[in-house]
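Our numbering applies: residue -4 is where the sequence shown begins, and numbers increase by one. Remarks on the structure that follows.
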Amino acid sequence: MRIEERIAKIEAARALVQAAMADCDAPQIETMLRNADMELHWALWNLGVAVELRPELEYPPAERPR
């Protein structure tokens, strides 16, 4: 798999995780999803993708943690 393909798959996985977090009413599940997103975020960083310092800074304002 080429690096571009790997990056695209990780970005798609992050989008799915973020969609699963939307309107999540189970704090423990939301925390696990946030942890998964953080790991994917750092995978992108390690592949040389320019990402924010913290993954939640990339979320739409309505979905950022309070």
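Even for Gly, the Cβ is constructed at its ideal location relative to N, Cα and C.
- The segment -3 to 34 is shown to contain whole alpha helix (DSSP H) runs of 4 or more residues at -2 to 16, in chain order.
- Note that the segment 13 to 25 does not touch the segment -4 to 3; fewer than 3 beta-carbon pairs, one per stretch, sit closer than 8 Å.
- In this structure D20 is exposed. Its beta-carbon is surrounded by fewer than 16 other beta-carbon atoms within 10 angstroms.
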